[in-house]
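A.B. asks: For the protein sequence lines, the chains are A and B, in the order given.
My numbering numbers the first residue of the first sequence as 1 and each following residue consecutively.
My numbering numbers the first residue of the second sequence as 474 and each following residue consecutively.
The beta carbon of each residue, even a glycine, is placed where N, CA and C say it ideally should be.
Attaching a single structure in structure tokens format; questions to follow.
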Amino acid sequence: MQATSRNFKDNAHRALEDANLQKAMGFVRTGFIDKRKAAADALPEFEALRDAARDIKNHTLANLDRYLERYEAKATETGAQVHWCTTAEDARETILEICRSVGARTATKGKSMIAEEIGLNDFLERNGITPIETDLGEYIIQLRKEPPSHIIAPAVHVTQDQVEADFRSHHKALPADRSLAEPQQLVAEAREMLRQKYLDADVGITGANFLVAETGTSVIVTNEGNGDLTQILPKIHIVIASIEKVIPTLEDLGVILRVLARSATGQEMSAYTTLSTGPKRPDDPDGPEQYHVVILDNGRSAMLGTEYQEMLRCIRCGACMNHCPVYHAVGGHAYGWVYVGPMGAVLTPSLIGVDQAGHLPNASTFCGRCESVCPMRIPLPKMMRHWREREFERHLNPPAWRWGLKAWAFLARRPRLYQALTGLQVRLMGLAGRRRGRFASLPLAGGWTEHRDFPAPQGRTFQQLWAERKRAA
Amino acid sequence: MSGERSSTARGQILGAIRRAVKRDGTDAGSAVERRLAEHPEGPRVERARLPHEALVALFVEKVEAVQGSVARVDSPEALPEAVADYLKRHNLPTALRVAPDPALTDLPWQEKAPLLSVSAGRAEAADAVSLTGCFAGVAETGTLMLASGPEAPTTLNFLPETHLVVLRESDLVGPYEEAWRKLRAREGAEGPGGALPRTVNFVTGPSRTGDIEQKIQLGAHGPRRLHVLLVADGEG
Chain A
1 MQATSRNFKD NAHRALEDAN LQKAMGFVRT GFIDKRKAAA DALPEFEALR DAARDIKNHT
61 LANLDRYLER YEAKATETGA QVHWCTTAED ARETILEICR SVGARTATKG KSMIAEEIGL
121 NDFLERNGIT PIETDLGEYI IQLRKEPPSH IIAPAVHVTQ DQVEADFRSH HKALPADRSL
181 AEPQQLVAEA REMLRQKYLD ADVGITGANF LVAETGTSVI VTNEGNGDLT QILPKIHIVI
241 ASIEKVIPTL EDLGVILRVL ARSATGQEMS AYTTLSTGPK RPDDPDGPEQ YHVVILDNGR
301 SAMLGTEYQE MLRCIRCGAC MNHCPVYHAV GGHAYGWVYV GPMGAVLTPS LIGVDQAGHL
361 PNASTFCGRC ESVCPMRIPL PKMMRHWRER EFERHLNPPA WRWGLKAWAF LARRPRLYQA
421 LTGLQVRLMG LAGRRRGRFA SLPLAGGWTE HRDFPAPQGR TFQQLWAERK RAA
Chain B
474 MSGERSSTAR GQILGAIRRA VKRDGTDAGS AVERRLAEHP EGPRVERARL PHEALVALFV
534 EKVEAVQGSV ARVDSPEALP EAVADYLKRH NLPTALRVAP DPALTDLPWQ EKAPLLSVSA
594 GRAEAADAVS LTGCFAGVAE TGTLMLASGP EAPTTLNFLP ETHLVVLRES DLVGPYEEAW
654 RKLRAREGAE GPGGALPRTV NFVTGPSRTG DIEQKIQLGA HGPRRLHVLL VADGEG
């Protein structure tokens with residue numbers, strides 16, 4: 001996928017003016033947060049499970065080579081064909097070769113962020129194989145020729161009315177006067193449209209939420225059942241998974257599953273969690289005859305042993321973006337690549353370079369909500385700060401920005417001067433804003449005040465208030 | 474040639490990982506071997522550690538919480554009537570595709586449910602209703618665990634709009650740890666180093682999607698209805 005992360009500021013600007021997007025994002029701001037909280041509160045062991053999940057992945061990453069070898073050995077023993085790929089290009093070529101080996105014309109697809117990362121759909125299409133997205137959200141954005149805007153709800157930026165319009169313009173064979181006013185009618189129509197495609201496809205491509213080393217198994221977690229129809233009906237099932245998906249045992253899978261769905265959608269379990277091991281057995285009445293697993297690095301091994309290693313614990317639940325005020329305001333497309341919100345702000349610079357994606361780690365207020373809800377306890381704000389440091393070291397920020405930071409650093413290292421100046425500033429702003437209590441515009445802060453007012457300080461700084469409180473106590 | 478590319482890539486990836494994790498020479502990987510051999514359990518989840526009747530109640534509560542339904546059936550012989558009842562009550566087609574499992578196909582369909590037309594096999598596109606067995610039920614979350622095999626085609630779990638599942642009470646377990654033990658015991662029965670079944674499905678309620686404005690709709694691509702027939706088999 002072509003990255004537009006460089007244009008984050010323009011993208012964000014446009015997003016704030018987009019009425020449809022703002023309406024759609026309204027559903028995100030409320031739904032996910034309450035559901036996750038209710039699910040977490042209903043399980044007394046939830047926090048202990050988060051610790052255990054973090055520890056499982058830390059242990060796995062410290063021994064990643066060994067677990068990958070064990071996974072490969074066991075998967076091969078059970079009849080899987082394992083393909084290793086260092087780059088996106090390798091992975092695309094490998095998948096194309098498998099498709100061509102059976103003369104495939106269509107490939108159904110379960111939702112896979114790795115497939116988005118390597119731009120698989122466009123590539124297959126250019127090579128004469130029609131990719132068919134089957135997850136409802138992915139199906140909608142495929143019709144709209146858009147990238148996903150959320151890692152588990154790819155069409156979260158689209159309103160119901162837009163879906164209706166898209167279906168009417170693409171499903172021309174259906175009666176024009178049919179009713180599509182209810183979401184259930186839209187779901188039923190997509191179900192109907194895709195049914196025959198599942199049956200006709202030569203190849204089914206899915207991602208993997210996990211690879212289990214102990215048993216050589218790949219695991220997908222879905223709600224619609226599309227991933228399962230994708231992988232059991234065609235002759236060939238291809239799994240594409242990145243190297244950090246491996247976990248040691250079935251028990252470890254159980255621990256992580258208990259935090260995954262609760263963090264993602266507030267469900268205790270997603271409707272379907274499916275373990276696949278090898279191709280169909282000789283006496284099985286159904287299932288794929290060939291089972292291929294493509295293991296992709298694409299920049300991840302380079303994160304090991306760096307300050308970004310902990311990002312490789314991520315299980316792609318989406319809780320960080322669901323709780324992020326910046327994501328809520330601008331939506332996923334503004335981030336300009338596959339991974340969005342706080343996890344995207346850390347992962348995107350790692351995978352495509354901080355020169356491309358330097359704006360993303362800056363698009364955070366460091367409020368810390370992402371880290372507080374991350375089931376794998378990934379210190380996202382800390383890592384965004386590391387990226388800001390890298391960006392500064394490499395002189396990637398514009399000159400005005402660098403001068404501003406330098407001036408601030410000068411002051412911050414001289415506490416008396418800092419307190420005197422901020423005390424004066426806050427007093428003056430408090431006086432100037434006394435009547436209205438807020439500012440509609442401020443010099444040097446036009447970008448900030450364009451979309452909201454700046455609250456007027458009440459005359460004293462935090463440090464002054466703190467000192468008073470200590471004296472009073 | 475993809476085989477060559479793959480083995481070059483394999484060396485590069487594993488080499489890059491080894492350089493990055495910087496283990497000292499004394500670490501021979503015994504922690505990895507131990508973990509794989511002993512598969513230690515995580516934090517103990519208390520919710521589903523219950524006596525049998527309470528476990529059944531929890532299972533039913535959890536299935537219903539995700540829009541599935543459960544009927545308790547006294548004996549396997551009563552299954553045909555229970556199935557016919559359910560289909561009639563919901564005004565569903567009477568053609569039933571049954572998993573090719575003698576425990577299901579040998580039930581007294583003709584005598585007890587003469588109006589149903591029963592055939593065995595994998596699911597085809599036109600099948601509206603399926604009936605399958607079930608490897609285990611996990612009470613902790615109201616989850617069904619279905620394992621593929623000659624007598625259990627996976628297509629039956631996904632293609633039809635209505636999926637009926639026969640679960641014996643003796644196959645009900647509490648937490649996930651018990652489910653893994655049961656799965657591993659089955660694997661052991663096929664000899665050491667035996668494989669898991671091709672597909673193991675954990676099914677928690679009927680198919681759903683929230684992809685349109687976050688409003689949950691049932692029956693996205695998999696079954697719209699999931700009905701569990703919980704059979705008392707005297708081993709609970």
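Near Leu577(B), which residues of its chain fall below 7 angstroms by C-beta distance, leaving aside the five closest residues on each side in sequence?
C.D. replies: Once the five neighbours on either side are set aside, the close Cβ partners of Leu577(B) are Val571, Leu604, Gly606, Val639.
A.B. asks: How is Cys85(A) classed by DSSP in three states: helix, strand or coil?
C.D. replies: The answer is strand: DSSP assigns Cys85(A) an E or B state.
A.B. asks: In the DSSP assignment, find the beta strand (DSSP E) that holds Arg14(A) and state where it starts and stops.
C.D. replies: Arg14(A) -> not in any beta strand (DSSP E); alpha helix (DSSP H) instead, spanning 8-17.
A.B. asks: Helix, strand or coil for Thr682(B)? Go by DSSP, reduced to three states.
C.D. replies: Note: Thr682(B) maps to strand in three-state DSSP.
A.B. asks: Can you name the residues of chain A whose CB is closer than 7 angstroms to the CB of Ala599(B)?
C.D. replies: Here the premise fails: no neighbours, minimum Cβ distance about 10 angstroms.
A.B. asks: When DSSP builds the beta bridges, which residues end up paired with Thr206(A)?
C.D. replies: Note: Thr206(A) sits in a beta bridge opposite Val239(A).
A.B. asks: In the DSSP assignment, what are the bridge partners of Met710(B)?
C.D. replies: The structure shown does not extend to residue 710(B), since chain B is modelled only from 474 through 709, so no value can be given for it.
A.B. asks: Helix, strand or coil: which one does DSSP assign to Ala107(A)?
C.D. replies: Three-state result, Ala107(A): strand.
A.B. asks: Which residues bound the alpha helix (DSSP H) around Thr78(A)?
C.D. replies: Run containing Thr78(A): none; DSSP gives neither H nor E here.
A.B. asks: State the Cα-Cα distance for the pair Gly459(A) and Leu431(A), rounded to the nearest angstrom.
C.D. replies: Roughly 7 angstroms separates the two Cα atoms.
A.B. asks: Looking at chain B, is there any beta carbon in it that lies within less than 8 angstroms of the beta carbon of Gly287(A)?
C.D. replies: By this cut-off, Gly287(A) is an interface position.
A.B. asks: Does the separation of the CB atoms of Ala544(B) and Ala530(B) fall below 8 angstroms?
C.D. replies: Their beta carbons are not under 8 angstroms apart, which means Ala544(B) does not touch Ala530(B) by this criterion.
A.B. asks: Pro183(A) touches chain B at which residues, Cβ-Cβ below 8 angstroms?
C.D. replies: Within 8 angstroms Cβ-Cβ: Ile685, Glu686, Lys688, Gln690.
A.B. asks: Do you know offhand how far Pro379(A)'s Cα is from Glu310(A)'s?
C.D. replies: About 8 angstroms.
A.B. asks: For Gln532(A), decide whether its Cβ has a neighbour in chain B, counting only Cβ atoms nearer than 8 angstroms.
C.D. replies: No answer is possible for residue 532(A): it lies beyond the span of chain A, which begins at 1 and ends at 473.
A.B. asks: What whole-angstrom Cβ distance do Gly683(B) and Leu699(B) have, given they're in contact under 8 angstroms?
C.D. replies: That belief does not hold up - the Cβ atoms of Gly683(B) and Leu699(B) are roughly 18 angstroms apart, past 8 angstroms.
A.B. asks: Which residues bound the alpha helix (DSSP H) around Pro349(A)?
C.D. replies: First-last of the alpha helix (DSSP H) with Pro349(A): 341-352.
A.B. asks: In terms of alpha-carbon separation, which member of Asp644(B), Ala658(B), Gln485(B), Ala668(B) lies closest to Trp84(A)?
C.D. replies: Answer by Cα proximity: Gln485(B).
A.B. asks: Could you confirm whether any beta carbon from chain B is found closer than 8 angstroms to the beta carbon of Pro279(A)?
C.D. replies: Yes, contact with chain B.
A.B. asks: Using three-state DSSP, classify Thr217(A) as helix, strand or coil.
C.D. replies: Of the three classes helix, strand and coil, the one that applies to Thr217(A) here is strand, per DSSP.
A.B. asks: Measure from the C-beta of Pro248(A) to each C-beta in chain B and report whether the shortest distance is under 8 angstroms.
C.D. replies: Cβ-Cβ to chain B under 8 angstroms: yes for Pro248(A).
A.B. asks: Return the bridge partner residues of Glu519(B) from the DSSP annotation.
C.D. replies: Beta-bridge pairing links Glu519(B) to no other residue.
A.B. asks: Once you ignore the five residues that flank Tyr71(A) on each side, which residues in its own chain have a CB closer than 7 angstroms to its CB?
C.D. replies: Contacts found: Leu211, Ala213, Gly216, Val246.
A.B. asks: From His292(A) to Tyr649(B), what distance separates their C-alpha atoms?
C.D. replies: Those two C-alpha atoms are separated by around 28 angstroms.
A.B. asks: Rounded to whole angstroms, what's the CA-CA distance from Thr265(A) to Leu43(A)? Just pull it up for me.
C.D. replies: The straight-line gap from Cα to Cα measures roughly 15 angstroms.
A.B. asks: Quick one: what's got a C-beta closer than 7 angstroms to Ala24(A)'s C-beta in the same chain, skipping five residues either side?
C.D. replies: Closer than 7 angstroms at the Cβ level, and outside the excluded window around Ala24(A), lie Val156, His157, Val158, Thr159.
A.B. asks: If I measure Cβ to Cβ from His59(A) and keep anything under 8 angstroms in the same chain, skipping five residues before and after, which residues do I get?
C.D. replies: Counting only Cβ-Cβ distances below 8 angstroms, and skipping sequence neighbours, we find Pro248.
A.B. asks: Between the alpha carbons of Pro381(A) and Phe366(A), how many angstroms are there, rounded?
C.D. replies: For Pro381(A) and Phe366(A), the distance between alpha carbons rounds to 6 angstroms.
A.B. asks: Return yes when the Cβ of Met303(A) is within less than 8 angstroms of the Cβ of Leu296(A), no when it is not.
C.D. replies: Not closer than 8 angstroms, so no.
A.B. asks: How long is the line joining the alpha carbons of Gly664(B) and Glu77(A), rounded to whole angstroms?
C.D. replies: Here Gly664(B) scores only 43 on pLDDT, less than 50, and its place in the model should not be relied on; the value that follows carries that caveat. Each residue's alpha carbon lies about 14 angstroms from the other.
A.B. asks: According to the neighbour-count rule (16 or more other Cβ atoms, all chains shown, within 10 Å of its Cβ), is Asn226(A) buried or exposed?
C.D. replies: Answer is buried; the Cβ neighbour count reaches 16.
A.B. asks: Nearest-angstrom Cα distance between Gln196(A) and Lys9(A)?
C.D. replies: Approximately 43 angstroms, taken between the alpha carbons.
A.B. asks: Check whether the Cβ of Ile490(B) lies closer than 8 angstroms to any Cβ atom in chain A.
C.D. replies: Yes, its Cβ sits closer than 8 angstroms to a Cβ of chain A.
A.B. asks: What separation, rounded to the nearest whole angstrom, lies between the Cα atoms of Arg385(A) and Ala412(A)?
C.D. replies: One C-alpha to the other measures close to 17 angstroms.
A.B. asks: Just reading off the alpha helix (DSSP H) that Pro381(A) is part of, what are its end residues?
C.D. replies: From DSSP, the alpha helix (DSSP H) with Pro381(A) extends over 380-393.
A.B. asks: Return the CA-CA distance between Pro342(A) and Gly31(A), expressed in angstroms with no decimal places.
C.D. replies: Going by the C-alpha atoms only, they are around 19 angstroms apart.
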